[in-house]
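Down below is the structure, laid out as structure tokens.
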Amino acid sequence: MALETRCFGPDDGLFNRRQLRHLLTSPHATWLVEGHFEGAACLLIASNGRSRWGRLYSLSVDPQFRQRGIARRLLEAAFAWLREQGVDVCRAEVKIDNLGARRLYAAFGFEEGPELPHYYGLGQTGLKLTLRL
Ligand SMILES: CC(C)(COP(=O)(O)OP(=O)(O)OC[C@H]1O[C@@H](n2cnc3c(N)ncnc32)[C@H](O)[C@@H]1OP(=O)(O)O)[C@@H](O)C(=O)NCCC(=O)NCCS
Numbered sequence: 027m028a029l030e031t032r033c034f035g036p037d038d039g040l041f042n043r044r045q046l047r048h049l050l051t052s053p054h055a056t057w058l059v060e061g062h063f064e065g066a067a068c069l070l071i072a073s074n075g076r077s078r079w080g081r082l083y084s085l086s087v088d089p090q091f092r093q094r095g096i097a098r099r100l101l102e103a104a105f106a107w108l109r110e111q112g113v114d115v116c117r118a119e120v121k122i123d124n125l126g127a128r129r130l131y132a133a134f135g136f137e138e139g140p141e142l143p144h145y146y147g148l149g150q151t152g153l154k155l156t157l158r159l
């Protein structure tokens, strides 16, 4: 929760304590953590009939540990784990004005679009992201 509030504001899709507790205990969610919570990524595996996909649900790196490649390492581990699970598509969302995160995802080959109006609250546009693993 401390990491979450250091990394996200109310207009960024901040999880509350209840949502985090649910995600930490859900059998559909897997967490990858670096160090003593310097950074964390949460992945979900979702399914629809016979198709399954991974969803990158949260990614956060403590401000004091940024720009050292922690997010990149978490994502590399995340995608390797999804491949091991036999999942070949990963989906995510990002706020349209989060240029740092968009650059990071683009470097992994995520394709952007379509836009998601009001996804993060009134006037806060999101973007859908898709990566073929
Ligand atoms: C986005 C975030 C996870 C990046 O974490 P990080 O550990 O600093 O990222 P890395 O050091 O692994 O950076 C890898 C690449 O991402 C891009 N990047 C990361 N932060 C960036 C920034 N602020 N501005 C521009 N590019 C950035 C760069 O391409 C960088 O590669 P480079 O250093 O070779 O240029 C972190 O800033 C964060 O937690 N932000 C708040 C929460 C958030 O926005 N999460 C994503 C929600 S979808």
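Counting in this note's numbering, the sequence shown runs from 27 upward without gaps.
All C-beta atoms in this analysis are idealised placements derived from N, C-alpha and C, irrespective of residue type, glycine included.
Asked: Which listed residue (Asp38, Asn42, Arg99, Leu125) has its alpha carbon closest to that of leucine 160; Found: Nothing in the structure corresponds to residue 160, since the chain is present only between 27 and 159.
Asked: Exposed unless 16 or more other CB atoms sit within 10 angstroms - verdict on alanine 118; Found: buried
Asked: Closest Cα partner of threonine 151 within the set Leu157, Arg158, Glu141; Found: Glu141
Asked: Continuous beta strand (DSSP E) assignments of at least 3 residues falling wholly in the segment 109-133; Found: 115-121
Asked: Segments of 3+ residues assigned as beta strand (DSSP E) that fall wholly inside the segment 42-122; Found: 55-60, 65-74, 77-87, 115-121
Asked: Beta-carbon gap between tyrosine 131 and leucine 155 smaller than 7 Å; Found: yes
Asked: Coil, strand or helix - leucine 148 by DSSP; Found: coil
Asked: Nearest-angstrom Cα separation, counted from leucine 82 out to leucine 69; Found: 5 Å
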